[in-house]
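Visitor: Before anything else, here's the structure in question.
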Amino acid sequence: MFRTVEQSIPAELISGAPHPVPVTVRVVYSADDPLAVRMVFPAAVSLSGGDVTWIFARSLLDRGLRAPSGLGDVHIRPGDRAGTTVELRAAQGVALLRFATGRLRHFLLHSYATVPAGLEARALDIDGGLTALLRGAREGQD
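Position one of the sequence shown corresponds to residue 874 (this note's numbering), numbered consecutively onward.
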């Protein structure tokens, strides 16, 4: 079984320009962080001049492929069979991206092959994380 699923997915950045801007987004799922999905956007489309990573719940992606979903900074809406819209909100503004629905579903299915839905808590290393946290607290007291 793979511990990480990573896929480059073409998208369209919808802006005020006459035509959408093509962009390739790297979508990543890791069994080490089983509740989250990461979307990594290239520097060419960021205001910071570097890659930008958005992290949100895998369950949000799953729900958003079927019905409008999201609270706060990330909203996902299914469109027609060909497109799903991901809206990312930040202090600097809003980014609207359209992905091929089939590509996002393919990625999601591979993530569920890595860690099945409902079994994310088993993949979490809570004891290891707590040990590291407590070790760091003790070292800070020395």
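Ideal Cβ placement from N, Cα and C applies to all residues, glycine included.
(1) Taking all protein chains shown into account, do 16 or more other C-beta atoms lie within 10 angstroms of the C-beta of H948, making it buried, or fewer, making it exposed?
(2) What residue range does the alpha helix (DSSP H) around A986 cover?
(3) Along the beta strand (DSSP E) that carries L961, what are the first and last residues, could you check?
(4) State the Cα-Cα distance for the pair G975 and L934, rounded to the nearest angstrom.
(5) Skipping 5 residues on each side, what residues in its chain have a beta carbon closer than 6 Å to that of P883?
(6) Buried or exposed, going by whether 16 or more other CB atoms sit within 10 Å of the CB of A968?
(7) Which word fits L1007, buried or exposed, when buried means at least 16 other C-beta atoms lie within 10 angstroms of its C-beta?
(8) On the criterion of 16 or more Cβ atoms from any shown chain inside 10 Å, does P989 qualify as buried, or is it exposed?
(9) Does DSSP classify G937 as helix, strand or coil?
(10) In its own chain, which residues sit with a C-beta less than 7 Å from the C-beta of D906, not counting the 5 before and 5 after it?
(11) Leaving out five residues before and five after A909 in sequence, what residues of the same chain have Cβ atoms less than 6 Å from its Cβ?
Guide: The structure says:
(1) buried
(2) Where A986 is concerned, the enclosing alpha helix (DSSP H) starts and stops at T974 to T987.
(3) In the DSSP assignment, L961 falls within the beta strand (DSSP E) that extends over G956 to A963.
(4) Rounded to whole angstroms, the separation of the alpha carbons of L934 and G975 is 13 Å.
(5) Spatial neighbours of P883 in its own chain (CB-CB distance under 6 Å, excluding positions within 5 residues in sequence) are listed in chain order as T897.
(6) Buried is the call here.
(7) exposed
(8) It counts as exposed.
(9) helix
(10) none
(11) I928
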